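Residue numbers (the working numbering), protein chains in the order written: chain W, 1 to 305; chain A, 306 to 631; chain C, 632 to 919.
Using N, Cα and C, we set each Cβ at its ideal position, and we do this for glycine too.
Nothing here was measured: the structure is a model prediction, and the numbers come from that model.
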Amino acid sequence: MLLLIARRLGLGLLVALTVMTLAFMLTRLSGDLAISIAGPSATQADVEIIRKAYGLDRPLYVQFFSWVGRAMVGDFGQSYFFKDSVSNLIARRLPITLTLGLVGLSLALIISIPLGILAAVRENTWLDRGVTMFTMVGQAIPSFWLALILMIVLGLNLGILPISGTGTWQHFVMPGIVLAFTAIPALTRLTRSGMIEAMASDYIRTARAKGLSRARIIFKHALRNAAIPVVSIAAVQLGFMLGGSIVIETVFALHGVGYLGWESIAKNDFPVVQAVVLVLAAIYIGLTLLSDILNALLDPRLRTG
Amino acid sequence: MSALLDIEDLEVMFGGRSAAVRGASLQVEKGETHCLVGESGCGKSVTALSIMNLLARGGRRSAKRMSFAGTDLLSLSDREMARLRGNRISMIFQEPMTSLNPAFTIGSQMAEVLTRHKGGSRTAALERAVELMGRVGITAPEMRLGQFPHQLSGGLRQRVMIAMALMCDPELLVADEPTTALDVTVQAQILRLLATLKRELGLAILLITHDLGIVARVADRVSVMYAGEVVERAPTAELFRSPQHPYTRGLLSCVPVPGRVQRDRPLGSIPGVVPAIGPGFAGCAFRSRCSHADASCEREIPRRQAGSAHDYLCRLAPEFSEPQPA
Amino acid sequence: MSEPIAIHAPLTSRVGVAGFTVGIVIVGIIAVAAITGNQLVPHDAFTQDLGNRLKPPFWMEGTQAGHLLGTDQLGRDYLARLVYGARISLLIGIMTVITSGLIGITLGVLGGFFGGRVDDAVLFAITTRLSIPVVLVALAVVGLMGSGLGLVVATLGLLLWDRFAVVARATTMQIRGLDYVNAARCAGASTLHLLVKEILPNIASHLAVVATLEMALAILLEAALSFLGLGVPPPLPSWGLMIAEGKDYMFFSPWVIMVPGVALFILVLGINLVGDGLRNLLGSERSR
Chain W
1 MLLLIARRLG
11 LGLLVALTVM
21 TLAFMLTRLS
31 GDLAISIAGP
41 SATQADVEII
51 RKAYGLDRPL
61 YVQFFSWVGR
71 AMVGDFGQSY
81 FFKDSVSNLI
91 ARRLPITLTL
101 GLVGLSLALI
111 ISIPLGILAA
121 VRENTWLDRG
131 VTMFTMVGQA
141 IPSFWLALIL
151 MIVLGLNLGI
161 LPISGTGTWQ
171 HFVMPGIVLA
181 FTAIPALTRL
191 TRSGMIEAMA
201 SDYIRTARAK
211 GLSRARIIFK
221 HALRNAAIPV
231 VSIAAVQLGF
241 MLGGSIVIET
251 VFALHGVGYL
261 GWESIAKNDF
271 PVVQAVVLVL
281 AAIYIGLTLL
291 SDILNALLDP
301 RLRTG
Chain A
306 MSALLDIEDL
316 EVMFGGRSAA
326 VRGASLQVEK
336 GETHCLVGES
346 GCGKSVTALS
356 IMNLLARGGR
366 RSAKRMSFAG
376 TDLLSLSDRE
386 MARLRGNRIS
396 MIFQEPMTSL
406 NPAFTIGSQM
416 AEVLTRHKGG
426 SRTAALERAV
436 ELMGRVGITA
446 PEMRLGQFPH
456 QLSGGLRQRV
466 MIAMALMCDP
476 ELLVADEPTT
486 ALDVTVQAQI
496 LRLLATLKRE
506 LGLAILLITH
516 DLGIVARVAD
526 RVSVMYAGEV
536 VERAPTAELF
546 RSPQHPYTRG
556 LLSCVPVPGR
566 VQRDRPLGSI
576 PGVVPAIGPG
586 FAGCAFRSRC
596 SHADASCERE
606 IPRRQAGSAH
616 DYLCRLAPEF
626 SEPQPA
Chain C
632 MSEPIAIHAP
642 LTSRVGVAGF
652 TVGIVIVGII
662 AVAAITGNQL
672 VPHDAFTQDL
682 GNRLKPPFWM
692 EGTQAGHLLG
702 TDQLGRDYLA
712 RLVYGARISL
722 LIGIMTVITS
732 GLIGITLGVL
742 GGFFGGRVDD
752 AVLFAITTRL
762 SIPVVLVALA
772 VVGLMGSGLG
782 LVVATLGLLL
792 WDRFAVVARA
802 TTMQIRGLDY
812 VNAARCAGAS
822 TLHLLVKEIL
832 PNIASHLAVV
842 ATLEMALAIL
852 LEAALSFLGL
862 GVPPPLPSWG
872 LMIAEGKDYM
882 FFSPWVIMVP
892 GVALFILVLG
902 INLVGDGLRN
912 LLGSERSR
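Here you go:
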């Protein structure tokens, strides 16, 4: 078990390093950073000053290693635009994104797991087909469009929720619904197929032959096994959700990390872009690690293996 | 005296169109080992599952009579049937590797049978589990309680299944090809164990198998199944001595018996394959493979007596051959 | 006498076939509209008419004859723009799938076939790719290098190969050890021959399912990028861009976001139905 965690941790670190390299390369794609930062009206002299000030005159590999070295201890440099350290910016914005993620994920789980179980135990009925149709429809709705529709209906027509901003908990409701909606179809289908597979297995036949109650068969014997594939894919889903949160935060002007990323891209604020990519990747890596550990707890075969 | 398990004219349909079992009749007496034998696909497993009301989705059973110890099984609600399963009727399966839940310990899976049906504490249930594991020949039973199925071999898992089936002292154990997936040596151990349990606990066993060797070894009585029907029923010795139905005879001729089979003569075989039986089929299902078949085999076939406890489903009159010289 | 037992298709596959048909019809209609649209629609997608701004579609009051779906905030015919947008969506979807399919299938098949170190490397690449936030990186690339159709395709193609790789790897592993592959190997077939002639044709059906899903995803992502202003550049009428441009008017003229949004929804639903139908058909074939 410990060995497993250690191995995953090592892999995660390696992945993080690769992502750092990619993030660094990404921001150098545009060619000369100094020109971009200085803006279109700058003179040659301005550009030279900026190049010196930001250390862009050093060889690429020196820039890279100094960035990696400082990033390791949590120093991502200064934002060009916000006049603050990148770490401070992220520290301020991260709780908002995490809150949104938590709201979205809880909502998604509360809806999709019961729905998936229900569809599975009523396989091939109208209810099952209804759930499948719902997931098909859900997968096809663009999240930013759903967000706008909710703004019109809940915000304008009914006037029960604020349309955009960050102030209160109400500001998280609509974005949370939209974010949940991006994960519900996939999670529902996963739960459904996992439960169908489990319910058709020999050990469920044994459980029935033992005369156990239907509730115990479904919720103890089947769900425990169906949860294993769901948990491993849930991490990937969460990654998608994180990605989706950028769009959603931007639509709702919710000042989280995703919105910060969008702002900094629009403002050519490269240190922030690099850091946001890295932070989102790190969260994803952490989540997969968590799901691996959770799976090992759920599936005894993984523990000893 | 009425049988412990009494089934008459059982029919099982899947999807409303194809019949897997077509009017099978079967009686299991208290404390006997009854073998239900036939080729794969003849409906013997479906018969077993329909006794437990465990048919897969889409399967429907109907029967003239289906009673267990005087209780009509067909009229029981799902809830009442669940109270009987694992309690008074237990079942073990062909696939010991996959029949236990991989996510729970042996102890927890065994204990829940007792607490479900008899109540009582988990500790008491675990004690009972240890006792039964010892009884079915599992070494270090206390250690097994905390183990997971994947840590045990196939033979051990089947022993666990048997012990689990015995948790509530059932009157009937339905065993669906319990040894098919196991090594020959383990097979013999499991069969011996079943015989011992039957003797010591007064347990009736309905053993489903395709292996006539097993039948000869453990059965008190035999029902032979072909294409969804029970074509012949007899005490074991009588069946082997004077089989009446052409199918039974064909089946027995396929088994090499040392001393009785000449080396240079080919072993018997039944020509053709099991026919697919569509709706509206009438008459003898074996006629397409039977050398005695004629036009009258397309009509309803009477059940004939060949002895006080021996009957069969064929138009031919019984014939009794002398025991062949060894 | 032996009439065969009626083989009755399970309910799911019949429903699956129905969905598949509906999906094919939807995608077909949109594809035809995208190809022939400029001949059918009497207006041009780019001609502005500031006197006729934000005219509502035919089912609402105040509609303008000739503009079936109304006009946008610059007086451009909405139907013409919608049809042109279909072309962009389909083009991006198809091109992205080709690019990402090439990358993903190559990696997946190599990893699955050779195993060992090669497979470790492929797995690592997949893990790394999954940990990269797609939308953010795509936004950053377009933001830094300037927007354009080709760049959007290239970016999405480079980012969306993971599922191709995962499926290609898993299915290749399954059939790598099968008899017919071994037989071909014993017959002295070269590795390249094995990969192209024996492996690829047999995993193609699974990859077709992935292709539909990825196409739907690419179309949705392009729309999202364009919506955020970092995708297809104006005045090209990408559906995402149309929604973004209509956003400022949506509280008073909700149809400006409804029309392109519903179009996007129907197209993606159609593609997903095709993919789901394919999966069901293959699934029932494989299991029985």
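Contact set between residue i and chain A, taken where Cβ atoms lie within less than 7 Å
| i | result |
| --- | --- |
| His221 (chain W) | Asn406 |
DSSP beta-bridge partners of residue i
| i | result |
| --- | --- |
| Ser778 (chain C) | Looking at the DSSP assignment, Ser778 (chain C) forms no beta bridge with any residue, so it has no partner. |
| Phe373 (chain A) | A:Leu310, A:Thr376 |
| Ser367 (chain A) | A:Glu316 |
Coarse secondary structure for residue i, derived from DSSP in three states
| i | result |
| --- | --- |
| Gly732 (chain C) | helix |
| Gly668 (chain C) | helix |
| Ala581 (chain A) | coil |
| His824 (chain C) | helix |
| Met881 (chain C) | coil |
| Val529 (chain A) | strand |
| Thr646 (chain A) | Only positions 306 to 631 of chain A appear in this structure, which leaves residue 646 (chain A) out of reach. |
| Gln139 (chain W) | helix |
| Pro635 (chain C) | Confidence at Pro635 (chain C) is low in this model, with a pLDDT of 33, below 50, so its placement is unreliable and the value that follows should be read with caution. Reduced to three states, the DSSP call for Pro635 (chain C) is coil. |
| Cys817 (chain C) | helix |
| Tyr259 (chain W) | helix |
| Leu431 (chain A) | helix |
| Thr338 (chain A) | strand |
| Ser106 (chain W) | helix |
| Met402 (chain A) | coil |
| Pro630 (chain A) | Because Pro630 (chain A) sits at a pLDDT of 45, beneath the cut-off of 50, its placement in the model cannot be relied upon, and the following sentence gives the value as read from the coordinates. Coil at Pro630 (chain A), not helix or strand. |
| Gln610 (chain A) | strand |
| Ser413 (chain A) | helix |
| Gln805 (chain C) | helix |
| Glu916 (chain C) | With a pLDDT of 43 at Glu916 (chain C), under the threshold of 50, the predicted position of this residue should be treated as unreliable, though the coordinate-derived value follows. Helix, per DSSP. |
| Ala590 (chain A) | coil |
| Arg504 (chain A) | helix |
Within chain W, partners of residue i - CB distance below 8 Å
| i | result |
| --- | --- |
| Arg365 (chain A) | Within chain W, no residue comes near Arg365 (chain A); the closest Cβ sits about 15 Å away, beyond 8 Å. |
| Thr403 (chain A) | Ser201, Asp202, Tyr203 |
| Pro866 (chain C) | Per Cβ cutoff of 8 Å: no residues; Pro866 (chain C) is ~20 Å from chain W at best. |
Alpha-carbon to alpha-carbon, residue j and residue i
| i | j | result |
| --- | --- | --- |
| Met386 (chain A) | Ser413 (chain A) | 23 Å |
| Glu482 (chain A) | Thr191 (chain W) | 33 Å |
| Gly424 (chain A) | Val418 (chain A) | 9 Å |
| Gln629 (chain A) | Asp516 (chain A) | Its pLDDT being 47, under 50, Gln629 (chain A) is placed unreliably by the model, and the measurement read from it follows with that caveat. Cα-Cα distance, rounded: 22 Å. |
| Phe81 (chain W) | Asn268 (chain W) | 8 Å |
| Ala266 (chain W) | Arg122 (chain W) | 49 Å |
| Ala894 (chain C) | Leu118 (chain W) | 31 Å |
| Gly724 (chain C) | Tyr259 (chain W) | 26 Å |
| Pro401 (chain A) | Phe76 (chain W) | 58 Å |
| Met151 (chain W) | Pro688 (chain C) | 22 Å |
| Leu556 (chain A) | Val326 (chain A) | 20 Å |
| Leu477 (chain A) | Asp750 (chain C) | 53 Å |
| Asp488 (chain A) | Gly460 (chain A) | 8 Å |
| Ile636 (chain C) | Ala324 (chain A) | Any reading at Ile636 (chain C) must be qualified, since the residue scores a pLDDT of 34, below 50, and its modelled position is unreliable; the value itself is stated next. Each residue's Cα considered, the two are about 9 Å apart. |
Chain-ordered chain W contacts of residue i [CB-CB under 7 Å]
| i | result |
| --- | --- |
| Thr485 (chain A) | The contacting residues do not exist; Thr485 (chain A) stays about 14 Å from chain W at best. |
| Val418 (chain A) | Lys210 |
| Leu359 (chain A) | Arg205, Arg208, Ala209 |
Partners in chain C for residue i, counting only beta-carbon separations shorter than 8 Å
| i | result |
| --- | --- |
| Tyr284 (chain W) | Leu761, Ser762, Pro764 |
| Ala281 (chain W) | Ser762, Ile763, Pro764 |
Beta-carbon neighbours of residue i, restricted to chain C and to distances below 7 Å
| i | result |
| --- | --- |
| Gln139 (chain W) | Asn903 |
Where residue i meets chain A, residues with beta-carbon distance less than 8 Å
| i | result |
| --- | --- |
| Arg301 (chain W) | Pro407, Phe453, His455 |
Contacts that residue i makes with chain A (C-beta to C-beta distance below 9 Å)
| i | result |
| --- | --- |
| Ser213 (chain W) | Arg384, Ala387, Arg421 |
| Leu298 (chain W) | Ala408 |
| said: As an exercise, report each continuous alpha helix (DSSP H) stretch of at least 4 residues that is fully enclosed by the stretch 835-888 of chain C, in chain order. | reply: Qualifying alpha helix (DSSP H) stretches, in chain order: 870-877.
Unbroken stretches of the alpha helix (DSSP H), 4 residues or longer, contained in the stretch 747-774 of chain C = Complete alpha helix (DSSP H) runs here, min 4: 747-762.
Exercise. Where in the stretch 1-79 of chain W do unbroken runs of the alpha helix (DSSP H), each at least 4 residues long, occur, reported from the N-terminal end onward?
Worked result: 2-27, 33-38, 44-53, 60-72
- Any chance you could list the alpha helix (DSSP H) runs of at least 4 consecutive residues sitting entirely within the stretch 175-203 of chain W, in chain order? none
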